[in-house]
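Participant: In terms of the UniProt record's numbering, the sequence shown opens at residue 1 and continues consecutively.
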Amino acid sequence: MDRTELADFLRRCRTRLAPAAVGLPEGPRRRTPGLRREEVAQLAGMSVDYYTRLEQARGPRPSRQMLGALARALRLTDDERDHLFRLAGEEPPPQHEATDHVRPGLLLILDRLTENPAMVVSDRGDVLAQNAMAKAMHGDYASRPAAERNIPWRFFTDPATIAGFPPEDRPELARAQAADLRATLAKRPDDARLAALVRRLREVSTEFAELWEQHEVGVRRSSAKRFVHPVVGLLEVDCEVLLSPAHDQRLVLYTAPPGSDTAQRLELLRVIGLQDMGVDGGANPIPDRSA
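1. Which term fits A129, buried or exposed, when burial requires 16 or more other beta carbons within 10 angstroms of its beta carbon?
2. Along the chain, which unbroken stretches of the alpha helix (DSSP H) at least 4 residues long are found entirely within the segment 189–277?
3. For V279, which three-state DSSP category applies?
4. Specify the secondary structure class of A174 as computed by DSSP and reduced to three states.
5. If you draw a straight line from the C-alpha of M133 to the C-alpha of L108, how long is it?
6. Express the C-alpha separation of L266 and H83 in angstroms, rounding to a whole number.
7. So, is L17 buried or exposed, given that buried needs 16 or more other C-beta atoms within 10 angstroms?
8. Where T262 and D2 are concerned, what is the direct C-alpha to C-alpha distance, given to the nearest angstrom?
9. Closest by CA to Q65, which one among E80, G45, G139, D78?
10. Report the start-end ranges of each alpha helix (DSSP H) in the segment 112–141 that is 4 residues or longer and not cut off at the edges.
11. When the Cα of A174 is compared with those of E210, E90, P189, E203, which residue comes out closest?
12. Of all the CB atoms in chain B, is at least one closer than 8 angstroms to the CB of P92?
13. Count the other CB atoms, across all protein chains shown, that sit within 10 Å of the CB of V102; report buried if there are 16 or more and exposed otherwise.
14. Could you give the residue range of the alpha helix (DSSP H) that holds H101?
15. From Y254, A186, W153, V237, pick the residue whose C-alpha is nearest to that of T206; which is it?
16. Of all the options V241, A196, F9, K187, which has the alpha carbon lying nearest to the alpha carbon of L87?
17. Measuring CA to CA, which of S260, A20, Y254 is closest to P104?
18. How would you call A178, buried or exposed, if buried means at least 16 neighbouring beta carbons within 10 angstroms?
19. Enumerate in chain order the residues of its own chain whose CB-to-CB distance from E55 is below 8 angstroms, with the five nearest sequence positions on each side excluded.
20. Compute the Euclidean distance between the alpha carbons of E115 and L253, then round it to the nearest angstrom.
21. Please confirm whether A73 and L43 have their CB atoms less than 8 angstroms apart.
22. Leaving aside the five residues before and after R124 along the sequence, list all residues of the same chain whose C-beta is less than 6 angstroms from its C-beta, in chain order.
23. Can you tell me where the alpha helix (DSSP H) holding M66 begins and where it ends?
24. Just how far apart, CA to CA, sit R58 and G89?
25. How long is the line joining the alpha carbons of E203 and F156, rounded to whole angstroms?
26. Using 8 angstroms for Cβ pairs, my map puts A183 next to V217. What's the rounded Cβ distance?
27. Can you have a look at A264 and say buried or exposed, based on whether 16 or more other CB atoms are within 10 angstroms of its CB?
28. Looking at C-alpha atoms only, which residue of V121, P117, F85 is the closest neighbour of A256?
29. Tell me which same chain residues have a C-beta within less than 8 angstroms of the C-beta of F165, skipping the five on either side of it?
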């Protein structure tokens, strides 16, 4: 690990990144360009002291998970992410494997979507980034342990999550979750993380195990969905799913017809989201808190 080079690289990446690029207000009292250290720490899900020590070339060696969180927080390109890993003495993620690194362009799009809930989800079902409205709608996935940021896992194992859907919709949603995972596993049969997720789900969920044995295969596309929110009530939304070029990440956007009851409830959700987050609606990448 080259602490001096790592510190210099982190400082340069931080100072070149405009606050608006990560959904933060410019503010009237910025004396230096780029983000503040505490802002990077917040985006990456680490303490300010920990990040400060990294920039001062005296911090401990960051974990691979924390390096990934830093790469997302600093909006690094794939090449810059790989450089970051090497400076920390780690091998970069293999190019042929699915990655949790959200491309800066995709995060920029997410930052601009302030009027509707939106999030970036991997094809394994891991929530990688949310805007404020998505956090108000589904909860803040960044506040959960890494293993609990997976949508299929929460759907089949968490009663609070399943209570967020009308009972009559749940069987079809369960089928879609299982079929989606099987399609991804068929595409990447050597994906160890995905295989482990499927194995755990088959062990703990009888419903998932039975659905898995049916061998249904299908990637989730755009559809109509209904959610039961504990504050604003029933949300009947159109769910648009946009795939990344490699088809390993998805931008999920929820919309409703103007003037509809759901549109009014989404506006209330937007207000709730902005109040809870204390920001202007920008998106934060999901950090890893293992470091």
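C-beta: ideal position from N, C-alpha, C; glycine also. Just so we're clear, the structure is a prediction, and the values are computed from it rather than from any experiment.
Facilitator: In short:
1. buried
2. 192–204, 206–212, 261–277
3. Low confidence applies here, because V279 scores a pLDDT of 40, under 50, leaving its location unreliable; read the following figure in that light. DSSP places V279 in coil when its eight states are reduced to three.
4. helix
5. 16 angstroms
6. 41 angstroms
7. buried
8. 52 angstroms
9. G45
10. 132–138
11. E210
12. The structure shown contains no chain B, having only a single protein chain.
13. buried
14. From DSSP, H101 is part of no alpha helix (DSSP H); its letter is neither H nor E.
15. W153
16. F9
17. A20
18. buried
19. A7, L10, R11, R14, R37
20. 10 angstroms
21. yes
22. L194
23. 64–73
24. 15 angstroms
25. 11 angstroms
26. 5 angstroms
27. First, the amino acid is wrong: residue 264 is Gln here, not Ala. The residue is exposed, with fewer than 16 neighbouring Cβ atoms inside 10 Å.
28. P117
29. L173, R226, F227, V228
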